[in-house]
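Colleague:
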Amino acid sequence: MADRDRDLSGLFSPDRVAVVGATEREGSVGRAVTANLLAEFAGEVIPVNPGRESVLGVPCVASVADADADLVVVAVPPSAVADVLRDTGEAGVRDVVVLTAGFGEAGSEGAARERELRELAAEYDLNLVGPNSLGVMSSPAGLNATFGPDASPAGGVSFMSQSGAFVTAVVDWASESGLGFNEVVSLGNKAVLDETDFLREWGADPETDVVVGYLESIEDGRAFVETAREVTRETPVVVVKSGRTEAGAQAASSHTGAIAGSDRAYGTALAEAGVVRADTVQELFDAARAFAAGRNLATDGVAVVTNAGGPGVMATDAVGDADRLSLASFADDTLDALDAALPAEANVYNPVDVVGDADVDRFEAALEAAISDPNVGAVVLITAPTATLAFGDLAESAVALGEEHEVPVAACLMGGPRLADARGTFGEAGVPTYFDPARAVAGLDTLAEYDERRGRERREFEPFDVDRERARETLSAVTERRDNQLGVEAMDVLDAYGIPTPEGEVVEDPAKARAVAERIGEPVALKLVSPDVVHKSDIGGVRVGVDPADVADAYEDLVTRLRNYQPDARLLGVQVQELVDVDAGVETIVGSHRDPQFGPLVLFGLGGIFVEVLSDATFRLAPVAEADAREMTGEIDAAPLLRGARGREPVDLDGVVEAVGRLSQLVADFPAIVELDVNPLVATPDGVRAVDLRLTVNPEELQ
Ligand code: ADP
Ligand code: MG
């Protein structure tokens, strides 16, 4: 998987395809794939089967060595696959699709076989799809090297799927939905080639207008994100990632860990990579169809033109709810044109209601007026079946107008068979059709979202000046902890990374506590320091505003509490800490959680002791560039508090942004940091201060 610079085009444009395991046995994979290949492929199909003279009328050869092929499709029993790969490699063929199942998905024996496959692929430098793949298809080549459905209808969508059954279903459905495919791959077990490889391949392929993926996992998260960042500058990528809900497997050793699950990591990573994430299969293909039309919104204004009042209102509501769209307000010329074209009872304002008795001419005139308006970036055309309208004709003029003005059109055909003509006309022209107005609007919103991302400058993280060595030394205290946890005793890590902290010290007896408090010279905060107490205030382990004179008593009191609540807890001492004016500011949280696929995720949110309950947070991958950190501060529900709600002074946002950036650098610098919570990072008008710290550190990774 390391070598990402492969040329995979050979998989989709072979001249001679060998099918190893070709047979005539009814219901077998070997027969189905041979028959599919023979159906349309313009090149040669060479069945490989030492036991037969011919398969489906085509002469056989005995082994890959005799086939002179440039693509090998493997459909032999699992135990025979390795030998076929060896033959393939020796024959100098690089492109292989393994349909055979019974590998990684089939217990430890299968997993061992899959390892062998991987080793052979590395040895012979094979571009190997599968195993356990349904196969690959290419419309331009007329290639259907699958044992699944009929060939896909041709178009600009390239589609990868981790589920073979899903390929079958989608290709079948696409033939009547107006979606056409360029290349299709069923990824199977991804022993060698994975989603990142095909993403890269299709990003560089001029025939691919949209990349669509159905994924259950992403193998190499960072490589995927980096590749997708590049690809999505030119080519829209839409992915549905299944397996969204997961049992809360995270032991709540930190606030961030409790909030950040792996689904969150996927969501964050896909968003940062510019990938449009669909939640449902429906959304996946709605988005794909919107992109396949290949048009952008010149402006965010949407015109709704309808012959049915209710659905028009629904579309209008959906535009209102959409993040990036607004209802266009028409220019005077447009209103005049609409006035002239429509009867008195029609509504000329957006949404334009041409009224139920509209014929094609009236509808077309309204559509033309709306689509020509400079404030209109997209049109939602809604028709319900009426007796007065020839829907096929309307579709034709709508298609023509859309093309002439280069404005995206989403057609809501709110009916069944009576609108079949129109559906066909739109489908052929690549105009997406929907039943539900909300879906039509969502499709346009997706286009707008993609445009916005694509137009954005690339954000690079600018590293801060930090004392990495000092941080490393502080973190190495974890080697003495059996549970890998560090708390406020490690606050120096923050200092080393330039994150402001209040003055403070961890002490081990009441007299020293009092001495520190007197040095600070005003009321202080006292906190129990114990690796066994995750949330100190839960057991009354935090005292705020203690007078220096009372510090020694408060110290004893805290220790007694610990002994009462958790007799076995280890006690490292008590932290005496300068008070921070929490009332003048906002308690925020900055945290991090290391995802196995995507690396450290950074969280920013409303902090304090109720973090999980409020769950008001936003995420990025580390390190977080300044522009992203600033965006994060605006994304949480509590953002108005930071900006100074109800006459309060705004907090030091620059300070918050910098702290997020510095902490993101810390977790990016130290893969050993599994989890980190700075909660709260108190943000006041005068600056920010980290008053609490929680870290989980893997000592084995600490170099
Ligand atoms: P824990 O999260 O383990 O309960 P914290 O150190 O975060 O412990 O303290 C809990 C709460 O006490 C904070 O959210 C904050 O409201 C308050 N607090 C803690 N330290 C200070 C301080 N130095 N100055 C002012 N308030 C503090
Ligand atoms: Mg805390």
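In terms of my numbering, the sequence shown opens at residue 477 and continues consecutively.
Just so it is clear, CB atoms sit at the ideal spot from N, CA and C, and this is done for glycine as well.
These figures come from a predicted structure and were not determined experimentally.
1) Could you tell me if P850 is buried or exposed, where buried requires 16 or more neighbouring beta carbons within 10 angstroms of its beta carbon?
2) So, helix, strand or coil for P986, using DSSP?
3) Leaving out five residues before and five after R480 in sequence, what residues of the same chain have Cβ atoms less than 8 Å from its Cβ?
4) Which parts of the region 635 to 692 are runs of the alpha helix (DSSP H), unbroken and 4 residues or longer, counting only runs that do not cross its ends?
5) Which residues does DSSP list as the beta-bridge partners of N603?
6) Suppose only complete runs of 4+ residues qualify. What are the alpha helix (DSSP H) ranges in the region 746 to 816, listed by chain order?
7) With a 10 Å radius around its C-beta and 16 neighbouring C-beta atoms as the bar for buried, classify V1089 as buried or exposed.
8) Can you have a look at N783 and say buried or exposed, based on whether 16 or more other CB atoms are within 10 angstroms of its CB?
9) What residue does the beta strand (DSSP E) around E1063 start on, and which one ends it?
10) Since G980 and E1054 are thought to touch, with beta carbons under 8 Å apart, how far apart are those beta carbons, to the nearest angstrom?
11) Mind checking F806: buried by the 16 CB within 10 Å criterion, or exposed?
12) If the criterion is Cβ atoms closer than 8 Å, does the pair F579 and R570 meet it?
13) Run through the DSSP bridge pairs and tell me what T859 is partnered with.
14) Where do the ends of the beta strand (DSSP E) carrying F488 lie?
15) So, helix, strand or coil for R492, using DSSP?
16) Whose C-beta lies closer than 7 Å to the C-beta of R482 among residues of the same chain, with five residues either side of it excluded?
17) Spatial neighbours of A1166 within its chain, please: CB distance less than 6 Å, with the 5 preceding and 5 following residues excluded, ordered by chain position.
18) Starting from the C-beta of V647, find all residues in its chain whose C-beta is less than 6 Å away, skip the five residues before and the five after it, and write them out in chain order.
19) Using 10 angstroms around the beta-carbon of Q1179, count the other beta-carbons present and answer buried if the total reaches 16, otherwise exposed.
20) Within 10 Å of its beta-carbon, does T901 have 16 or more other beta-carbons around it, so buried, or fewer, so exposed?
21) In chain order, what residues have a CB nearer than 5 Å to some heavy atom of the ligand MG?
22) Taking DSSP as the reference, what is the three-state secondary structure of D1104?
23) Is the Cβ-Cβ distance between T662 and G611 less than 8 Å?
24) Among D968, G697, R709, which one has its Cα closest to the Cα of W678?
25) Cβ of A813 within 8 Å of Cβ of A845?
26) Roughly how many angstroms lie between the CA atoms of R501 and D685, to the nearest whole one?
27) Between V907 and A641, what straight-line distance do the alpha-carbon atoms span, to the nearest angstrom?
28) Under the three-state reduction of DSSP, which class applies to A518: helix, strand or coil?
29) Could you give the C-beta distance for A817 and R838, rounded to a whole number, given that I count them as a contact under 8 Å?
30) What did DSSP end up calling A1166 once you bin it into helix, strand or coil?
31) Select from E520, L547, V549, D546 the residue whose C-alpha is nearest the C-alpha of P535.
32) Would you say the beta carbon of P850 comes nearer than 7 Å to a heavy atom of the ligand ADP?
33) Helix, strand or coil for P1076 per DSSP?
34) Quickly, what does DSSP pair E981 with across the bridge? List them, please.
35) Please classify A1121 as buried or exposed, where buried requires at least 16 other C-beta atoms within 10 Å of its C-beta.
36) Given this structure, state the Cα-to-Cα distance separating F488 from D681, to the nearest angstrom.
Modeller: Let's see:
1) With fewer than 16 Cβ atoms within 10 Å of its Cβ, P850 is classed as exposed.
2) DSSP, reduced to helix, strand and coil, places P986 within a helical segment of the structure shown.
3) T672, D673, R676, A699, T703
4) 640 to 650, 671 to 679
5) In DSSP, N603 forms a bridge with D571.
6) 757 to 768, 785 to 797
7) Exposed, since its Cβ has fewer than 16 Cβ neighbours within 10 Å.
8) Around the C-beta of N783, 16 or more other C-beta atoms lie within 10 Å, and the residue is accordingly described as buried.
9) 1062 to 1071
10) 6 Å
11) buried
12) no
13) T859 is bridged to L889.
14) Not the beta strand (DSSP E): F488 falls in the alpha helix (DSSP H), residues 485 to 488.
15) strand
16) N603, D673
17) L970, I975, T977, V1154, L1157
18) Cβ-Cβ distances below 6 Å link V647 to P625, S628 in the same chain, with the five nearest sequence neighbours on each side left out; the list follows chain order.
19) exposed
20) Result: buried.
21) N1155, D1168
22) helix
23) The sequence given here has Ser at residue 662, not Thr. Closer than 8 Å, so yes.
24) R709
25) yes
26) 39 Å
27) Per the coordinates, the alpha-carbon of V907 lies some 27 Å from the alpha-carbon of A641.
28) coil
29) 6 Å
30) Reduced to three states, the DSSP call for A1166 is strand.
31) Minimum Cα-Cα distance from P535 among the listed residues E520, L547, V549, D546 corresponds to E520.
32) no
33) strand
34) V1052
35) Exposure of A1121 is indicated by the presence of fewer than 16 other C-beta atoms within 10 angstroms of its C-beta.
36) 11 Å
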